[in-house]
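Okay, structure first, notes after.
Residue numbers (our numbering), protein chains in the order written: chain A, 1 to 1362; chain B, 1 to 66.
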């Protein structure tokens, strides 16, 4: 419905969306919004306030009737103004910034040409008794009468002339405004009941007093300005001198007027042009317009001047009449004087000044002055209470148009002097409003003061808006204009008019055509919702969490990539949308220029990242390497294996969990990775392909052609977020990310304000999710005393026992507005359902999900004693919980319900098959009724969540988690297997930000020890674990013996350790150390570190190797930090870092830059050509091949540091205890790699720290807090309910085969203990652990297991009804 | 034969394929109206007995997706 198409931001502008829109299908909230800003400039420029954008859009859609409805809100004469309006709107049109304004006036005319405005239904209020007298039937009088009639107030228009229309009738010649058009549109007004009396002038026979005496309650004076202004030169009384307005009046009323052979016209306005063009038509041989300024100052419209020239009217500029030459009382000639332009006058135009002695004479036989008109006041001069200005215009109140006489109003040219018709229309509208209020006896001025917007906000003019020529109307050929007054402009054709309308830029976004209001069956979009504005709300909060995210880097500024120039150069965000099934191409990988399948794609990394020269983003954006690989892999999945993908990169930074494996997999799939620098992109002439010139690592220039280039754009903080941070007083890093410290990674520089996500630092989804939970925990620690103080408890309706009752099914079929009813025969489905067994009640609803329908459903369930409910509507995925709630409110068990999907899986996908879609809906309803009849009320087991917690592992992550839990009010046991808290941090020297780790660690340990709810168990291990979520029993074992503790949740933070390397002479030479050993030397202030002459670091020792195919994430940053520490001690030392890829992600990149600046030498090596360490006597040396020169070199060194892998403990026993899996590398597997990074699939068990994956201290602290946060969401519930839809064993049938026990991913089934009194050895299922997947049910060879809600008999019942 | 249309019973996993079928609707993709979807909590729930029962009840095809 909505006519306004705008670039779809969600799809990165690759397609269009409407001004009323939902950001994307799954967006939350799942509602539509209307985008609007200030009213469009055309709208504001119109004196009568016509909704120009609205009707232009309607014309663009060919909806002429709707266009007229919009126009006629404010203007009853669309076809008239569509011809003669001087269109101030077009001057305001912002299309001028692109090319030329939209031809708005011509589009208005097109609407009136295409649809008879008399057929427009005009809503009218109930007719009232009061009548109003209107003097003058010009635009002001007509519009006042029209607006009054709409309000139910009838009027009589008194017109002095024989025909109605005022200046529209007698001031504009027929070739511009055909009289039948005017007649037709006046009919619109008279059709409403307005009385029109022509030949009835105000004067001695009819005075204002007479009108009041006749019973009129108000009088509107709209007499116009019909009196020509004289030249005041000698000879003006001669025969052959005629005022322009008088001349035109005669021509318009009688069809002709006396015209000379040689006619001179004085003036520069439209009247002068109209006179000239009329004179030409009536046979004048020469027609000359004389104007005292130049053409640039002429008030007449340019197109009129051109038309006059086309019709052989000559124009003389800078000339003024001095005397009319008269012979025998008749005009025979004219004496003029040349002028020149002097200083600007009060109108801003340069004042014409006569040039002395430049007089000249020429022959004419008719002179028509057309230098202006003024109102003829003779009929109203004497009216009591009326005042006039020195320009003979009426004095009125500027807002109400009331005169000094009560009940008398004035407007139009009478009040303004000669002005445009649309101004008079506006005056009529305003006067009508005043008169209605006057008759109602209310304040006439209230709320009408004009609202000035100094700084209107509009849709920005798109930078890439293509130039499109403005449509021009066809015209009558000049030779066909002779001797007639046929209309010259012939109007726009439909197709060209619609194309013209589509040039509109939609400055206000929404055009307020209100088609959506008409279309909305649910009454959700109304005129009121259209008026909704941004509201300022004041909320009292205890803490603020900032999660404003990032904005993708805009590469338009980097011209050598040609983004915005070559259509096939797109950003990675755009490519994401191309890959998406819900994107503009439904996941087809096509290139934008020709929508052809793509054959060869290149990715360019680090666009807008790691680049201080061209974009000032010194940091690494952290996520681009991985997303580029992912995009290439998915592109190949979508487009087929033939698609060639190449990634041009500097360092490949796949440092996340399982990322390195993915990178290796991508290489194995044939995706090429080119370590290179891209030089230029050029279009290949004659095609849309792109030629890429790049420099390889060894310095060779290469060229290769691709058909599409994806720019892997970086992440930036948007200027709005920077401004917000400033407002909030939150500090930023040099890269404009939120400034935090390593030991408080989600705490901003302002108390109580926390941060998470990409505003904290550029990061991927799992890290952002961790941050989110961590910031929630940080806020929770602050506010734990307020927990549960603002919650509300719902009232519980007692459940009706339906066990054993015959099924009484109620079927509710939803129309979903027209979403379902537009395709499926809903009443047919409803009536069909009524014929099915057990069905007691059927109905259909417009919107079954609406609140009032829910209330009605509750009533019906009670009243009809229904005990099973079927809703045929949208999808259970979104709406089942809502309807189940309704069942609960009606006292029914919520499982006595079945939902039928007749929208998402029927009406929406079978639009063109309404009959078959209806049949399908009936089938599905039948199946659901069969099933629901067999459904039983199910109980949800209530579990108490034990309020104490266990944290396993006393490193940084574990301590953080334990501290957070304790601070949030939960008794916490922290178990550490060694005798010391702190874990690996005990060996660490400084963070990359330069913070002292030992000092901070000591602080953390002190806090842990001081926390009274926190009990630390050192030198302690777990002996056994029993139970499940909320109810764990764990036995702790230490030298004092065993202690059993009960806890509701457990946090696993068991950490990892440094690999002990078996290469590079480690262990054979004391000068070969690991990273942690070097840190310990630095902590001990070891003298050997202080006077090193040479130091070498080897990266990836044990990492990214076939036996350990993961990146240890922290080692690059760590080695660079250590290298800088060595340089700080001895700036003269030679420090080498031998690496494979430097992975200093985020703002760690700045440390890498600093190291290079400090002279640290980086040499890259390959896995195939690893460095060699040799010892020759006392000399220790490293041999490596220089990656640039390709030559071997040998470095003699005093110290060799091995950046060894981080290896997990791979604690199989713990894995067994809590049913938590380990991956191939020995790290624990979280619930969901992206969305559940700090919890396990096993409920009640959480994860943080190195046991999850290698990570830095700040990341470990975030995850520690996050694990605590996730745990608290469970603990705070105190009681949880398991689902009713779970499996259960019939022990009589069980054959003890054990398949269920071995197959269940959640360890829910177990054998009944051998010494049990009954069913020993048979299977039983723990309801708390069962997830209801049904795997055991399907695999039970004895048929002993049942799954409530999806049991065999229920599914068979559905199948019986297919 | 040209009039014959197969009836296919589709067993869709609640967590993936059923949601995907919903999304196909949201995206207004059009496909033939021959399938009758039965929601199952997981394809692990799928039993050969269901496929046989579907065919016995007149289905021309059985589709399991998850």
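Note that beta-carbon positions come from the ideal geometry of N, C-alpha and C, so glycine has one too.
Given the structure is predicted, the values throughout are model-derived calculations rather than measurements.
- Query: From what residue to what residue does the beta strand (DSSP E) around residue 1134 of chain A run?
  - Reply: Here residue 1134 of chain A corresponds to residue number 1134 of the first chain, with the count starting at 1. That run of the beta strand (DSSP E) goes 1134-1139.
- Message: Please tell me whether residue 41 of chain B has its Cβ less than 7 Å away from any Cβ of chain A.
- Response: If you number the second chain from 1, residue 41 of chain B lands on position 41. Taking Cβ atoms only, chain A reaches closer than 7 Å to residue 41 of chain B, which makes this a yes.
- Of all the residues that make up the region 910-924 of chain A, which are near chain B by a beta-carbon distance shorter than 9 Å? Answer set for the region 910-924 of chain A: 910, 911, 912, 913, 916, 917, 919, 920, 923, 924.
- Is residue 344 of chain A helix, strand or coil by DSSP? Indexing the first chain from 1 puts residue 344 of chain A at position 344. Taken through DSSP and simplified to helix, strand or coil, residue 344 of chain A comes out as strand.
- Message: I want to verify the contact list: residues of chain A whose CB lies under 8 Å from the CB of residue 64 of chain B, in sequence order.
- Response: Taking the second chain and counting its residues from 1, the one referred to as residue 64 of chain B is at position 64. Within chain A, no C-beta atom comes nearer than 8 Å to that of residue 64 of chain B; the closest sits roughly 11 Å away.
- Inter-residue Cα distance where the pair is residue 636 of chain A and residue 465 of chain A: Your numbering for residue 636 of chain A matches position 636 in the first chain. Your numbering for residue 465 of chain A matches position 465 in the first chain. Roughly 33 Å separates the two Cα atoms.
- Message: What would DSSP say about residue 611 of chain A, mapped onto helix, strand or coil?
- Response: Position 611 of the first chain, counted from the first residue, corresponds to residue 611 of chain A. Strand at residue 611 of chain A.
- Task: Select from the region 17-37 of chain B all residues with a C-beta closer than 9 Å to any C-beta belonging to chain A, and list them in chain order.
- Result: 18, 19, 20, 21, 22, 23, 24, 25, 26, 27, 28, 29, 30, 31, 32, 33, 34, 35, 36, 37
- Query: From the beta carbon of residue 1435 of chain A, is the nearest beta carbon of chain B less than 7 Å away?
  - Reply: Lying before the first or after the last residue shown, residue 1435 of chain A is absent from chain A, which here runs from 1 to 1362.
- Please report the Cβ distance between residue 11 of chain A and residue 583 of chain A, rounded to the nearest whole angstrom; I am assuming they are in contact, meaning their Cβ atoms lie under 8 Å. Taking the first chain and counting its residues from 1, one reaches residue 11 of chain A at position 11. Taking the first chain and counting its residues from 1, one reaches residue 583 of chain A at position 583. Sure, about 6 Å apart at Cβ, within 8 Å.
- So, helix, strand or coil for residue 702 of chain A, using DSSP? For the purposes of this step, residue 702 of chain A is taken as residue 702 along the first chain, with counting starting at 1. Residue 702 of chain A: strand per DSSP, three-state reduction.
- Which class does residue 1 of chain B belong to by DSSP, given the choice of helix, strand or coil? As a working mapping, residue 1 of chain B is identified with position 1 in the second chain. Reliability of the predicted coordinates at residue 1 of chain B is poor, the pLDDT of 45 falling under 50, and the value obtained from them is presented with this limitation in mind. Residue state, collapsed to three classes: coil.
- Starting from the N-terminal side, write out each stretch of the beta strand (DSSP E) that is 3 residues or longer and does not extend beyond the region 945-1024 of chain A. 948-952, 971-975, 1014-1017
- For the putative contact between residue 1139 of chain A and residue 1101 of chain A, defined by C-beta atoms under 8 Å, what is the C-beta separation to the nearest angstrom? Residue numbering aside, residue 1139 of chain A sits at position 1139 when the first chain is read from its first letter. Residue numbering aside, residue 1101 of chain A sits at position 1101 when the first chain is read from its first letter. So it is not a contact: roughly 11 Å between Cβ atoms.
- Task: Would you mind reading off the limits of the beta strand (DSSP E) that contains residue 154 of chain A?
- Result: One-based indexing of the first chain puts residue 154 of chain A at position 154. Run containing residue 154 of chain A: 154-158, per the beta strand (DSSP E) assignment.
- Query: Looking at the structure shown, is residue 1123 of chain A part of a helix, part of a strand, or coil, going by DSSP?
  - Reply: On the first chain, position 1123 is the one that residue 1123 of chain A refers to. Reduced to three states, the DSSP call for residue 1123 of chain A is helix.
- Task: Can you give me, in chain order, the residues of the region 1346-1360 of chain A that have a beta carbon less than 9 Å from any beta carbon in chain B?
- Result: 1347, 1349, 1350, 1352, 1355, 1356, 1358, 1359, 1360
- CA-CA distance, residue 27 of chain A and residue 524 of chain A? By 1-based counting over the first chain, the position of residue 27 of chain A is 27. By 1-based counting over the first chain, the position of residue 524 of chain A is 524. Cα to Cα, the separation comes out at about 18 Å.
- Query: Quick one: what does DSSP say residue 18 of chain A is sitting in, helix, strand or coil?
  - Reply: Within the first chain, numbered from 1, the residue matching residue 18 of chain A stands at position 18. Note: residue 18 of chain A maps to strand in three-state DSSP.
- Any alpha helix (DSSP H) of 4 or more consecutive residues that is wholly inside the region 293-346 of chain A: 302-310
- Considering only residues of the same chain and omitting the five flanking positions on each side of residue 815 of chain A, which have a CB-CB separation below 7 Å? Here residue 815 of chain A refers to the residue found at position 815 when the first chain is read from its first residue. Counting only Cβ-Cβ distances below 7 Å, and skipping sequence neighbours, we find 821, 826, 844, 845, 846.
- Query: Between residue 1238 of chain A and residue 1263 of chain A, is the Cβ-Cβ spacing less than 7 Å?
  - Reply: Counting from one through the first chain, the residue named residue 1238 of chain A turns up at place 1238. Counting from one through the first chain, the residue named residue 1263 of chain A turns up at place 1263. Against a cut-off of 7 Å, the Cβ pair of residue 1263 of chain A and residue 1238 of chain A comes out as a contact.
- Message: Taking a contact to mean a Cβ-Cβ separation below 7 Å, would you say residue 1015 of chain A touches residue 973 of chain A in this structure?
- Response: Mapped onto the first chain, residue 1015 of chain A falls at position 1015. Mapped onto the first chain, residue 973 of chain A falls at position 973. Taking C-beta atoms as the reference points, residue 1015 of chain A and residue 973 of chain A count as a pair closer than 7 Å.
- Query: When we look at the beta-carbon of residue 1 of chain B and count the other beta-carbons within 10 Å, is it buried (16 or more) or exposed?
  - Reply: Taking the second chain and counting its residues from 1, one reaches residue 1 of chain B at position 1. With a pLDDT of only 45 at residue 1 of chain B, under 50, the local geometry of the prediction cannot be trusted, and no value is derived from it.
- Could you tell me which residues DSSP pairs with residue 552 of chain A in its beta bridges? One-based indexing of the first chain puts residue 552 of chain A at position 552. Partner(s): A:715.
- For residue 61 of chain B, which residues in chain A fall below 8 Å Cβ to Cβ? Residue numbering aside, residue 61 of chain B sits at position 61 when the second chain is read from its first letter. Within 8 Å Cβ-Cβ: nothing; residue 61 of chain B doesn't reach chain A, min ~12 Å.
- Item | Contact check, residue 910 of chain A vs residue 921 of chain A, beta carbons under 7 Å | Looking up residue 910 of chain A in the first chain gives position 910. Looking up residue 921 of chain A in the first chain gives position 921. Not in contact: residue 910 of chain A and residue 921 of chain A (Cβ atoms no closer than 7 Å).
- Residue-chain proximity (residue 54 of chain B, chain A), Cβ-Cβ < 7 Å: Stepping through the second chain from its first residue, residue 54 of chain B is reached at position 54. By this cut-off, residue 54 of chain B is an interface position.
- Query: Going along the chain, which residues of its own chain have a beta-carbon closer than 8 Å to the beta-carbon of residue 542 of chain A, five neighbours each way excluded?
  - Reply: Counted from its first residue, the first chain places residue 542 of chain A at position 542. 752, 779, 782, 783, 786.
- Query: Does the Cβ of residue 963 of chain A have 16 or more other Cβ atoms within 10 Å, making it buried, or fewer, making it exposed?
  - Reply: Position 963 of the first chain holds residue 963 of chain A. Residue 963 of chain A is buried by the Cβ-count criterion.
- Task: Using a Cβ-Cβ cut-off of less than 7 Å, list which residues of the region 929-950 of chain A approach chain B; keep chain order.
- Result: none
- Item | Residue interval of the alpha helix (DSSP H) (run including residue 677 of chain A) | In the first chain, the residue the question calls residue 677 of chain A occupies position 677. Residue 677 of chain A -> not in any alpha helix (DSSP H); beta strand (DSSP E) instead, spanning 672-683.
- Rounded to whole angstroms, what's the CA-CA distance from residue 1274 of chain A to residue 731 of chain A? Just pull it up for me. On the first chain, position 1274 is the one that residue 1274 of chain A refers to. On the first chain, position 731 is the one that residue 731 of chain A refers to. Looking at the two C-alpha atoms, the distance is approximately 34 Å.
- Query: Skipping 5 residues on each side, what residues in its chain have a beta carbon closer than 7 Å to that of residue 5 of chain B?
  - Reply: To locate residue 5 of chain B, count along the second chain from 1; it is residue 5. For residue 5 of chain B, where only same-chain residues beyond five positions count, the Cβ hits under 7 Å are 34.
- CB of residue 422 of chain A within 7 Å of CB of residue 47 of chain A, strictly: Stepping through the first chain from its first residue, residue 422 of chain A is reached at position 422. Stepping through the first chain from its first residue, residue 47 of chain A is reached at position 47. Yes, Cβ-Cβ distance for residue 422 of chain A and residue 47 of chain A is below 7 Å.
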